[in-house]
Each structure stands twice: as C-alpha cells, then as structure tokens.
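S.K.: In this text, residue positions in the sequence shown follow the UniProt record's numbering: the first is 1, and each later residue adds one. We put the beta carbon where it would ideally sit given N, CA and C, even for glycine.
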Amino acid sequence: MHISRLKLKNWRNFKSGEILDLPEAVYILGPNASGKSNLLDAVRFLRDIAKHRGGGLQDAIDSRGGVGKIRCLHARNDTEILIEIDIVNDDGLLAWQYELGFNIPPKGKREPLVTRERVTKFNSEGNSKVLIDRPGKAEKKDELLLRETHIEQISANANFRELVDFLSGATYVHLVPQLLKFGDQIGGRVIDDDPFGQAFMLRIARTTQRTRDARLRRIEGALRTVVPQLEDLKFLKDDVTGHPHLEIRFRHHRPQGAKQREDQFSDGTLRIMSILWLLQEGGSSPLLLEEPELSLNEEIVAQLPRIMSSVKSKARSGRQFIVTTHSEALLSNSGIDPRGIVVLSPSEDGSTIRSVSEDEQAALSAGLSPAEAVLPNARKTGQLDFSL
Numbered sequence: 001m002h003i004s005r006l007k008l009k010n011w012r013n014f015k016s017g018e019i020l021d022l023p024e025a026v027y028i029l030g031p032n033a034s035g036k037s038n039l040l041d042a043v044r045f046l047r048d049i050a051k052h053r054g055g056g057l058q059d060a061i062d063s064r065g066g067v068g069k070i071r072c073l074h075a076r077n078d079t080e081i082l083i084e085i086d087i088v089n090d091d092g093l094l095a096w097q098y099e100l101g102f103n104i105p106p107k108g109k110r111e112p113l114v115t116r117e118r119v120t121k122f123n124s125e126g127n128s129k130v131l132i133d134r135p136g137k138a139e140k141k142d143e144l145l146l147r148e149t150h151i152e153q154i155s156a157n158a159n160f161r162e163l164v165d166f167l168s169g170a171t172y173v174h175l176v177p178q179l180l181k182f183g184d185q186i187g188g189r190v191i192d193d194d195p196f197g198q199a200f201m202l203r204i205a206r207t208t209q210r211t212r213d214a215r216l217r218r219i220e221g222a223l224r225t226v227v228p229q230l231e232d233l234k235f236l237k238d239d240v241t242g243h244p245h246l247e248i249r250f251r252h253h254r255p256q257g258a259k260q261r262e263d264q265f266s267d268g269t270l271r272i273m274s275i276l277w278l279l280q281e282g283g284s285s286p287l288l289l290e291e292p293e294l295s296l297n298e299e300i301v302a303q304l305p306r307i308m309s310s311v312k313s314k315a316r317s318g319r320q321f322i323v324t325t326h327s328e329a330l331l332s333n334s335g336i337d338p339r340g341i342v343v344l345s346p347s348e349d350g351s352t353i354r355s356v357s358e359d360e361q362a363a364l365s366a367g368l369s370p371a372e373a374v375l376p377n378a379r380k381t382g383q384l385d386f387s388l
C-alpha cells in the first residue's frame, strides 16, 4: 500500500494544499523554509497518533508544542487543522480514506478536541463504506470523548486495523552518522522511533540472521556499483563486549584486503546503508527521508533513485519512500516519475503545494531531467545579503 493523496488545511506552513496521484517514489522540492519537513511531519503526526505504544492525539500535539505551534499563522476565520489521506493497495486501487480535524474549542477547558474523524473503506469494485464518522450524538453531549481519536483506541479500531498498522508503521529517518559511530561513548536516551540512527546497529542485530544476511547482500551488491573496491559486507559481534558491528572488506595490496568497521565508514556510506536497510524492512508503510544526499558525493547522489528502486525491487518491498531534497544531482535522474514530484513555494498567504506544471511536463517529455525542467522553478531566487 502507499499514500496516493494528502490534503492539508492550516497545517504549519500550509493554509491549504493538496497533492494527488502519488506513486511509490515521491520527491518534495522547495527552497528553505518552504515546508518540506513540515509536509513530512503531517504523515509523522498520524503515525504518532496511531502507534501502538505511547501514541495518541494529545501526546502528538503536545510533542509539537501545542495547537498554536501546529496551526498555520495565516489561519484566520477558519482555524480548524485538518489532514486527509488516501491509501491505495498494491493493485493501485483506493483502499482507505482517513480524515482528521482538530481544534481548541472557544469555550470550556481550551483543550484540543477532535472536530471530525472519518474512516472510509473501499472494496475492489470501488464501493465504499464509512466505518467511523465523528462526532456522533453522544460525543456532542460529552466533549471529553473527543479528546481521543478512534485510530488510537484498540477497542474502537478493530474494523480498520489495517489502516492503523499502515499509519503507525511509517518510518522517519534523518540519520546523523556521528550518533551511530559513537553511540557507545555518547550514551544517553535514544529518542522514540530513533529518527537519527543512534540505535541503528541494534536494529540490525535484532533481525533474524537469515533476513539480516539477505538484506546485507543486497546492500553489498548496490554499494559495489558505487564503491568499486568493496569486496565484502558482513555483520559480526565483538568477542569481548558483544556489541554489534558492520564490517566492510576492501580490495588492498594485502592478501586479506583492508577491513573497516562502521566507526571508520564515511558519513555518506553510513547514510546510504541505513536508507537501503530501511527500504527492505517488512510492511508497506512509508519511509520518510530528509535530504538523503547529505554527506554523499554527487556521483553517488545521481544514482540514488536507481539504487533505491533496485533494492526495493530485489527485496520485494512495497514501501513507498517520500524524500525531501534540493539536490541537482539526485534530480538529474530522468527516470523519476513526474507524478512523484511535489513542488513547494512560500507565499504571503502560506506555502503552496503543486505537482509538475504543463510546461514542466512538456520539458520532461522532451527528455529533460527534473533537475533541468523543475528544480530551477522550485528554488528561491536572490542572494544572501550580509550588509549592515
């Protein structure tokens, strides 16, 4: 399954916006402060509500600083925050629609309440059935019932558990290589869902050996296309401490080659390995990636779309990946599906969301890459001015 439509109202940068017909690979473009991370956060927000441990609407709102920090600054008369999402199955047919609205009521305790929640299920013939439509009569009389969504309540979501599992399984990663390399020395608490990769080695260690070896073989094969000296990639545990490690053997003048562990890998190697690992993880929930091009040289960045699609295909993974980027090298790949290109633009009334324009589509059809046809229109013009 994957997300095919996302609609936002009063969400952070976006007073309103909608993207349609999204494929399994999505690239979000836009200048700094246009809302690329905030667009991903809409999916993370639904995940945080639906996740099985420590989730819920109130916690998801509080962790973002409250409704005032979430609501778009351009919201005026209509201040309700709304997220709508469509999910299609592996055959490309609409399977689920979920709609969630919330706000702070004008009277009472001034706590966030659900203003609407609607779950719709579709069958293979396209017929729909509304499973949840809130608020109901009882909830209008007792507003405390609106402090929680039904996707966070096990007793209420039995008929749409597939939707809940899809939302709760979304993975966000913005790996910080130093946290992975020096996790033992840094210590401290690992943030929930480990978005920065501090416990990435434990993630690998907890995977069964057969699955782990298969995933590492695919990663090794992908890395060999961009790291010609690479001979072998394997998982091992330290004989003394028992800590998990990854080890790469490179061709070298020595007969046994030169070996490196993860604390010696380049930052770029660690980032790309983590991305390729997560793409292979089970389930079909989306993988949300912030600027995967960081720390990578441009030759590798240019091949990222092909490498990621290849590993997904070999692993038979249905994971959709949604990427924020402003990398010319990454977008130089002419094989990127234009339907998956989302362009954000800041304006005086909030950021706008659009798909590829007719002119851009014509340029892409003529053989230009997204870097040539779309990226120039997604960049903010002008230069930094340091004058006093």
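#1: What are the boundary residues of the beta strand (DSSP E) that Lys51 is part of?
#2: So Ala302 is in the beta strand (DSSP E); what residue range does that whole segment cover?
#3: Cβ of Leu22 within 9 Å of Cβ of Arg5?
#4: Measuring only from the beta carbon, is Lys137 closer than 8 Å to any heavy atom that is part of the ligand SAM?
#5: Check whether the Cβ atoms of Leu145 and Glu139 sit closer than 9 Å, and answer yes or no.
#6: Between Pro31, Ser266 and Ser310, which lies nearest to Trp277 when the distance is taken from Cα to Cα?
#7: Do the stretch 271-288 and the stretch 303-319 make contact, defined as three or more Cβ pairs closer than 8 Å?
#8: Quick check: the Cα distance between Asn13 and Ile83, rounded to an integer number of angstroms?
#9: Do the stretch 115-133 and the stretch 77-94 make contact, defined as three or more Cβ pairs closer than 8 Å?
#10: Can you give me the Cβ contacts of Asp142 inside the same chain, cut-off strictly under 7 Å, excluding the 5 residues immediately before and after it?
#11: Shortest alpha-carbon distance to Leu306 belongs to which of Glu290, Pro286 and Ala329?
#12: Rounded to whole angstroms, what's the CA-CA distance from Ser345 to Glu372? Just pull it up for me.
#13: Which runs of the beta strand (DSSP E) fall wholly inside the stretch 335-370 and span at least 3 residues, in chain order?
#14: Where DSSP assigns a beta bridge to Gly101, which residues make up the other side?
#15: Just to confirm the assignment, what range does the alpha helix (DSSP H) spanning Lys140 have?
#16: Looking at the structure shown, is Leu384 part of a helix, part of a strand, or coil, going by DSSP?
#17: Does the stretch 34-44 come close enough to the stretch 149-165 that 3 or more CB-CB pairs lie under 8 Å?
#18: Would you call the stretch 326-342 and the stretch 239-249 in contact, with 3 or more CB pairs under 8 Å?
#19: By how many angstroms is the C-alpha of Ile353 removed from the C-alpha of Leu270?
#20: Taking only the alpha-carbon atoms, compute the straight-line gap between Gln198 and Ile204 and give it to the nearest angstrom.
#21: Alpha carbon to alpha carbon, how far is Ile151 from Gly54? Give it in angstroms, no decimals.
#22: Cutting at 8 Å between CB atoms, please list the residues of its own chain near Ile61, excluding the five before and the five after it.
#23: Quick check: what's the CA-CA separation for Phe122 versus Val88?
#24: Output the boundary residues of the alpha helix (DSSP H) element that contains Ala60.
M.R.: Well, looking at it:
#1: First-last for Lys51: undefined, no H or E at that position.
#2: Counting along the chain, no beta strand (DSSP E) covers Ala302; the unbroken alpha helix (DSSP H) around it starts and ends at Glu298 to Lys314.
#3: yes
#4: The ligand SAM is not part of this structure, which contains no ligands at all.
#5: Yes.
#6: Ser310
#7: yes
#8: The C-alpha of Asn13 lies about 13 Å from the C-alpha of Ile83.
#9: Verdict: yes, contact present.
#10: There are no such residues.
#11: The sequence given here places Arg at residue 306; Leu does not occur at that position. Of the listed residues, the one whose Cα sits closest to Arg306 is Ala329.
#12: 18 Å
#13: 341-345 and 352-354
#14: Leu82 and Arg116
#15: Lys137 to Lys141
#16: Interpretation of Leu384 is limited by its pLDDT of 41, a score under 50 that renders its predicted location unreliable; no figure is taken from the coordinates.
#17: no
#18: In the pairwise beta carbon analysis, the stretch 326-342 is classified as not touching the stretch 239-249: fewer than three pairs are separated by under 8 Å.
#19: 32 Å
#20: Approximately 12 Å, taken between the alpha carbons.
#21: 13 Å
#22: Val67, Ile70, Phe102 and Pro112
#23: 9 Å
#24: Segment Leu57 to Asp62, the alpha helix (DSSP H) holding Ala60.
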